[in-house]
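Residue numbers (my numbering), protein chains in the order written: chain A, 1 to 147; chain B, 1001 to 1147; chain C, 2001 to 2147; chain D, 3001 to 3147.
No residue lacks a Cβ here, since even glycine has one placed at the ideal position from N, Cα and C.
Working notes for the structure below.
Protein chains: 4
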Amino acid sequence: MKDHLSGFSVIIEQAVAWGEMDAMGHVNNTVYFRYFETARLVYIEQLGGFGWTAGHGVGPILAKIDCRFRLPLTYPDTISIGVKVIEMGSDRFKMLHRVVSHTHQKIAADGVGVIVGFDYDKQQKAPFPAEVRRKIMTLDRPGEFVY
Amino acid sequence: MKDHLSGFSVIIEQAVAWGEMDAMGHVNNTVYFRYFETARLVYIEQLGGFGWTAGHGVGPILAKIDCRFRLPLTYPDTISIGVKVIEMGSDRFKMLHRVVSHTHQKIAADGVGVIVGFDYDKQQKAPFPAEVRRKIMTLDRPGEFVY
Amino acid sequence: MKDHLSGFSVIIEQAVAWGEMDAMGHVNNTVYFRYFETARLVYIEQLGGFGWTAGHGVGPILAKIDCRFRLPLTYPDTISIGVKVIEMGSDRFKMLHRVVSHTHQKIAADGVGVIVGFDYDKQQKAPFPAEVRRKIMTLDRPGEFVY
Amino acid sequence: MKDHLSGFSVIIEQAVAWGEMDAMGHVNNTVYFRYFETARLVYIEQLGGFGWTAGHGVGPILAKIDCRFRLPLTYPDTISIGVKVIEMGSDRFKMLHRVVSHTHQKIAADGVGVIVGFDYDKQQKAPFPAEVRRKIMTLDRPGEFVY
């Protein structure tokens, strides 16, 4: 487990729920994005949470996300979900999410998301507050965002 | 279909999604409550929608709900979902939700929910506005709520 | 917590996920039934799991379920979900599910489900195997199922 | 609408459900992948469905998928979901999924998925049956899959 998630600044752990499987008997593809989201929100909490997105100020918006499915998950299993910022730009950052199966001791999925700063008052893209950028740099020391 | 949903003031129709099935190959039990909710919201829109629940005034809160599963649903199928108020009290009403399978021409599920008026300013139960009660009486002529 | 779930033979614990909240900012009603299901499956595993439901033999089918919402859940929170059999019949049993909020130290929801034995070979209701009934009696000593 | 989905061989239409929105008041990101899946399954039905995936023969497995969110969806709205194969390889094809909002008459999201042929008997990747490939070529005339 440690090898697969070394360098991830936020890691959460949870059980696979039976109801997350679909008619093929595997965890449904949409559920992986819920796994990513759940870990991503823990990360965002560490940046000050959604306080800056309650209708005012500059908050995060998910602009893109992908997932590469590497191993089908089944119930019962326990998973670790890691997330870290891998690239940082002025008004956006890129996050890597990773799901690891405890049963198989293997990576089940990797996904990359792009989060963009959005000014809810002006209703347009905007740079993240300096404090948020500083916290991310401290947590993950990401490289520069490549367009 | 008409027989199974005669007397329902709101009826919506939608396709069963493949992803709504679980590992048993049937639509998962939690999805029936989503079906109910979707139709219930159309009903509530007809009462003036969630305008009266945006943090102010008296809005609806789901206090109880049940479901009797009568027929397992599978993909592909199309369903009709009916909803009507069957009992009306001063600060609550009881709704009957019904899901009918087009493939089987049978009732797949029945569910009863209790919706309570909640004053978001005072943070306590409260009677529904007279206008809302009048609209419900016009739509469904429900009997008196039996505690 | 202990008081609210004393006497429950199966108790699981999990974090509330941000994505389980709906547009009202509370955990959506359908999610409570997923909570119930997740704990119920752990219970069923203890009875021998779904081995007896893989297309052969007599397995459990959810015939009815309800939920009484007593406290709105929000993210972040951790919940304990308890489940126990409260009534036992020849071909069915009744389960009580309970969700307790750690933040509020209160019961968030109670739900009762009726599980019926189904013979997958004969495609009809059927008594549960004696071994399953014995395990349930040992776990919970339920009363007699009241029709 | 027609402009946004011209050239899509499969297009389905459905209402946005209230419960698909999350606490931000927009359709949750995981739901877009459910939208994609629902349309994708209609496409796969046209290729002969999951008959070839019931534990035998060569069936489709989702290896990768992404989504670019272009417009936040809210309830109420109706969406059209289009899907087409845009690249075809021997043992895989690439699909473009597109969600269009009727209210806004704009593209809400685009997503690309890679579907790989999997031999369930041999438990390894495998070329799709010639008949499946022929049907896809007839429906969409995709270019060659670029690795």
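Our contact map puts residue i next to residue j with C-beta atoms below 8 angstroms; I'd like the distance itself, whole angstroms only.
| i | j | result |
| --- | --- | --- |
| K1084/B | S1006/B | With a Cβ gap of about 11 angstroms, K1084/B and S1006/B do not count as contacting. |
| H60/A | G117/A | Note that residue 60/A is Pro in the sequence shown, not His. Indeed, because the Cβ distance is near 7 angstroms, the residues count as touching under 8 angstroms. |
| Q14/A | A2015/C | 7 angstroms |
| V3042/D | L3073/D | 20 angstroms between Cβ atoms; not a contact. |
| I1044/B | M1088/B | Wrong, their Cβ atoms sit about 15 angstroms apart, outside the cutoff. |
| I2065/C | G2113/C | 4 angstroms |
| T150/A | E3037/D | Nothing about residue 150/A can be read from this structure; chain A reaches only from 1 to 147. |
| I1115/B | L1062/B | 6 angstroms |
Determine, using beta carbons only, whether residue i comes closer than 8 angstroms to chain A.
| i | result |
| --- | --- |
| I3065/D | yes |
| Q2014/C | yes |
| L2005/C | no |
Using beta carbons (cut-off 8 angstroms, strictly below), is residue i in contact with chain D?
| i | result |
| --- | --- |
| R34/A | yes |
For a contact defined as C-beta to C-beta under 8 angstroms, what are the partners of residue i on chain C?
| i | result |
| --- | --- |
| T1030/B | T2030, V2031, F2033, R2034, E2037 |
| V3022/D | According to the sequence as given, residue 3022/D is Asp; it is not Val. The answer, in chain order, is W2018, G2019, M2021, D2022, A2023. |
So, at 6 angstroms on beta carbons, what are the nonlocal neighbours of residue i in its own chain, with the 5 sequence-adjacent residues on each side left out?
| i | result |
| --- | --- |
| Y1035/B | I1081, V1099 |
| C2067/C | Y2032, A2109, G2111 |
| K106/A | L71 |
| L139/A | S9 |
| I3086/D | K3094, L3096, P3142 |
| F3069/D | A3109 |
| D2119/C | V2058, A2126 |
| T78/A | A15, H102 |
| H4/A | V100, I107 |
Starting from the beta carbon of residue i, find every residue of chain B whose beta carbon is closer than 8 angstroms, and list them in chain order.
| i | result |
| --- | --- |
| R2068/C | A1063, K1064 |
For a cutoff of 8 angstroms on Cβ pairs, would you count residue i as touching chain C?
| i | result |
| --- | --- |
| G25/A | no |
Relative to the ligand SAH, is the shortest distance from any of its heavy atoms to the C-beta of residue i smaller than 7 angstroms?
| i | result |
| --- | --- |
| F3128/D | The ligand SAH is not among the ligands present in this structure, which contains no ligands whatsoever. |
For a contact defined as C-beta to C-beta under 9 angstroms, what are the partners of residue i on chain A?
| i | result |
| --- | --- |
| L2073/C | Going along chain A, no residue has its Cβ under 9 angstroms from L2073/C, so there is no contact; the nearest lies around 15 angstroms. |
What in chain C is Cβ-close to residue i, meaning under 9 angstroms?
| i | result |
| --- | --- |
| L96/A | Under the 9 angstroms cutoff, chain C gives no residues; its nearest Cβ is about 19 angstroms from L96/A. |
| L41/A | A2017, W2018, G2019, Y2075, P2076 |
Report all residues from its chain with a CB closer than 8 angstroms to the CB of residue i; omit the five preceding and five following residues, and keep chain order.
| i | result |
| --- | --- |
| A1039/B | V1010, I1011, I1012, I1081, G1082, V1083, H1097 |
| R134/A | none |
So, for residue i: in the same chain, excluding its five sequence neighbours on each side, which residues have a beta-carbon less than 7 angstroms away from its beta-carbon?
| i | result |
| --- | --- |
| F3145/D | E3087, M3088, G3089, R3092, F3093, K3094 |
| V132/A | L47, G48 |
**Report entry** Touching by the beta-carbon criterion (3+ pairs, under 8 angstroms), the stretch 2018 to 2026 of chain C and the stretch 2093 to 2111 of chain C
**Finding:** Judged by pairs of C-beta atoms under 8 angstroms, the stretch 2018 to 2026 of chain C does not touch the stretch 2093 to 2111 of chain C, as fewer than three such pairs exist.
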